[in-house]
Amino acid sequence: MNQPQLTALIKQRFDSLPRQVRLAAAFVLDNPHEVAVLSMREQARLIAVPASTLTRFAKALGLPGYDSIRDIFKSGLRERGNGFGSRAQDLVELNQRIGEEALAMELASNASAQIQSLCSVDTMAPVVRAARLLSGAREIYCLGLRGSFPVAFQFAHVSEYFARNVTLIDGAGESGIMKIMHQPSSRDVLLICSMSPHSRRAMSIATHLQQAGVRLVVITDSASSPLARLAAETILVPNKGASFFDTMVPAFLIAEILLALTAATSKINIRSHIADTEKKMWGVGEWWGMQSEQPPALEPRAAAPGKARRRR
């Protein structure tokens, strides 16, 4: 059942529903965006009915529970596309409806639920397989453009504490581009994070490397992603929420799990490598905090013109 079919069914049965259940039905018809993004508890609060009323409403439509209704509206939201402008207006209207505190709580709750959804054997199986690919790679390339860049950067940055075979493909000055153009191998792995709508440049780079035999580990939001069709391993993460922009929190978590697994299964002396990196970072003065370091002394303030400095 899709959203238009469900909407038509609700309208058809509306008059036959008990009074309190009709309140839930009216809310669903009038607030499709809130149905998709807000938790059942928050929706019940807005309607001023017990959460059990929403369950009764779903069962009156022949559905097992209210989550089935939310899933249908979530699919409808995804099918409408990723227009940030319309989603921004939805965000403003949602804030006006429920207030800043409730909106902030909903954003946090949504992120927590998305992370919890990753905690399953089915989700972690491709993560473990991907970590094995990364651990055994000759070279690891990391790619993420636009909003996905921080995920790729985090993996590359932290892995460089113990690995010497990681290249971040960065748009600034074409960093890393020449290396992947001249040296790709079937023993290499590309870790790429990309969400819909996908960057043409990311697709171009990924396609080039895949055709050169490089295996792809893809973090993305849909199994129908064009990158998923190129991947040796695809890790799916949720990324939609009440805000107009897509959240990267689940993708960050996956990148950090991949980091931990890659480090844990590394064939090198990881403790020695990390200690050596830290020693060098302290040595070049990159970090603040050594006890031997003192804050720079303040220059004495010059006396105002025409005024002698008072003696003690």
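All residue numbers for the sequence shown refer to my numbering, where the first residue is 58 and numbers rise by one. Cβ coordinates follow ideal geometry from the N, Cα and C atoms, glycine included.
Residues bridged to residue i (per DSSP)
i	result
GLU290	VAL274
CYS250	GLY201 and ILE276
7 Å Cβ cutoff met for residue i and residue j
i	j	result
LEU225	ALA213	yes
LEU287	ALA312	no
GLN60	VAL106	no
ALA188	LEU318	yes
LEU310	ILE172	yes
MET338	TRP344	yes
GLU290	ARG186	yes
ALA82	ILE67	yes
SER251	SER205	yes
LEU120	ILE104	no
Residue i, buried or exposed, once every other Cβ within 10 Å from all chains shown has been counted against 16
i	result
PRO307	buried
GLN69	exposed
PHE71	exposed
ILE276	buried
ASP333	exposed
ILE126	buried
PRO75	exposed
ALA101	buried
GLU163	buried
VAL341	exposed
SER261	exposed
GLN268	exposed
SER216	buried
SER282	buried
GLU157	exposed
GLU335	exposed
Beta-carbon proximity list for residue i, same chain, < 6 Å, skipping 5 on both sides
i	result
TYR123	MET97, LEU111, THR112 and ALA115
VAL271	PRO241, ASP245 and LEU247
ILE327	PHE219 and ALA320
SER243	GLY270
LEU63	ILE129
GLN211	ALA312
ALA159	none
7 Å CB neighbourhood of residue i in its chain, flanking five on each side removed
i	result
GLN348	Its pLDDT being 45, under 50, GLN348 is placed unreliably by the model, and the measurement read from it follows with that caveat. Contacts found: none.
LEU191	ILE197, VAL246, LEU248, VAL274, LEU315 and THR319
SER256	LEU202 and ARG203
SER323	SER192 and PHE219
PHE130	GLN60, PRO89, VAL92 and ALA93
SER166	SER96
ALA259	LEU200, LEU202, ILE249 and SER251
ASP87	none
SER174	PRO295
VAL85	ILE67, VAL92 and ILE126
DSSP-derived helix/strand/coil call for residue i
i	result
PHE190	Here residue 190 turns out to be Leu, not Phe, going by the sequence shown. Correct three-state label for LEU190: helix.
TYR123	helix
THR322	coil
VAL223	strand
GLN348	Below a pLDDT of 50, predicted positions are generally treated as unreliable, and GLN348, at 45, falls in that range; the measurement from the model is reported next regardless. Coil at GLN348, not helix or strand.
GLN240	coil
THR304	coil
ASN296	coil
PRO89	helix
ALA332	helix
ASP245	coil
GLY342	coil
ARG195	coil
ALA182	helix
PRO283	coil
LEU111	helix
MET97	helix
MET58	coil
GLU313	helix
ALA105	coil
Beta-carbon proximity list for residue i, same chain, < 8 Å, skipping 5 on both sides
i	result
SER132	ASN59 and GLN60
SER279	SER253, ALA285 and LEU293
ASN222	ALA194, ARG195, GLU196 and ILE197
ASP303	ASN139, GLY204, MET252, ASP278, ASN296 and LYS297
VAL184	ILE292, ILE311, ILE314, LEU315 and LEU318
LEU266	TYR198, ILE237, PRO241, ASP245, LEU247 and LEU273
ALA117	ARG70, LEU74 and VAL78
Contact with chain C by residue i, beta-carbon distance below 7 Å
i	result
LEU103	The structure shown contains no chain C, having only a single protein chain.
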